[in-house]
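Residue numbers (the working numbering): 313 to 665.
Quick reminder that beta carbons are idealized off the backbone N, C-alpha and C, glycines included.
Because the structure is a prediction, the values reported are computed rather than measured.
Presented below is the structure to which this report refers.
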């Protein structure tokens, strides 16, 4: 019969090992002696460690309560949940949403998890300065069975957290490869977008998270949008003509887009957009300008020369089609190369004038 195992080693990142740290993390093989600063070893070894909530409770002893000045009757009969509740009351964090949720959702008959212990330590702060952990773990089987071996790495810091496992990376790679093999660029884009979004979500500060996302879009813009994205600001008319409308700044799609009504303010317009392909939302901004502000300027002299030449030659112009043909012929004769929008202006001048 094959057996499955999980083992993990890592470090807590803190200022000092205090009584609270010892009480909460001894179940994770915290060294019994020393008051290490900076980082301290932790582990979970399948054949020797016990990190159940019961084990955590065993390390919350009467000496800790005495050191904290907690005087309660019947301590020896307390469950781990009751001990933790007394600590929450002592540190005046019983009403904090994360503490309330912890007591409501935790099954104390199961193993303790590091995230919960770090959260509790953050509330029970006796000067330890705990900011997080760095761990690497692996699961393995006593028989060489397919996909029953793997590993993961987790980083939990004060400002950023990230976690990745070998099986998720394998699944991610397979999904993208299959999508590309099937020509499904949309699904490949969605998979990569979701992967990147999960990493960015690890930034704890919402403002900084938005700034990082903005910077990421800007750096990727030359790849995904040929040099322009909403993150770059306002499109010129020539850019809009070149790109034929907006693209999703996240995945580059321009087919599955929907937008709310335009908001006009003086010389600018903005529109809130949504991409059905990758679920991104953003706001497009446009500057309301005339032809004279186009890149390269407007060839007023060339337009006037061509219009005057057509009139001088007395070419019959009945409609816009005749006018466009006459303008084109005149431009060829005079060696004046007009762009399409300049031809449109010349046609208007010829018909209206």
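{"Query": "Between residue 362 and the rest of its own chain, which residues show a CB-CB distance below 7 Å, the 5 nearest in sequence each way excluded?", "Result": "339"}
{"Query": "DSSP three-state call for residue 386: helix, strand or coil?", "Result": "coil"}
{"Query": "If you scan the segment 317–359 from start to end, which runs of the beta strand (DSSP E) of 3 or more residues do you find wholly inside it?", "Result": "350–356"}
{"Query": "Looking only at DSSP bridge pairs, what is residue 453 linked to?", "Result": "316"}
{"Query": "Going by C-alpha distance, which of 351, 591 and 528 is nearest residue 323?", "Result": "351"}
{"Query": "Any heavy atom of the ligand GDP closer than 7 Å to the beta-carbon of residue 587?", "Result": "As for the ligand GDP, it is missing from this structure, which has no ligand bound."}
{"Query": "Report yes if the CB atom of residue 444 is closer than 8 Å to the CB atom of residue 430, and no otherwise.", "Result": "yes"}
{"Query": "Report the partner residues of residue 376 according to the DSSP bridge assignment.", "Result": "Answer is none; residue 376 lacks a bridge partner."}
{"Query": "According to DSSP, simplified to helix, strand and coil, what is residue 423?", "Result": "strand"}
{"Query": "Do you know whose CA, among 637, 647 and 645, lies nearest residue 656's CA?", "Result": "637"}
{"Query": "Can you name the residues that DSSP bridges to residue 446?", "Result": "323 and 467"}
{"Query": "Going by DSSP, what residue range makes up the beta strand (DSSP E) through residue 477?", "Result": "473–477"}
{"Query": "Measuring CB atoms only, is the segment 373–382 touching the segment 393–412, in the sense that at least three cross pairs come out at less than 8 Å?", "Result": "yes"}
{"Query": "Can you tell me which of 510, 409, 477 and 469 puts its alpha carbon nearest to the alpha carbon of residue 463?", "Result": "477"}
{"Query": "Please list, in chain order, all residues of the same chain as residue 524 whose beta carbon is under 8 Å from its beta carbon, the five residues on each side excluded.", "Result": "512 and 515"}
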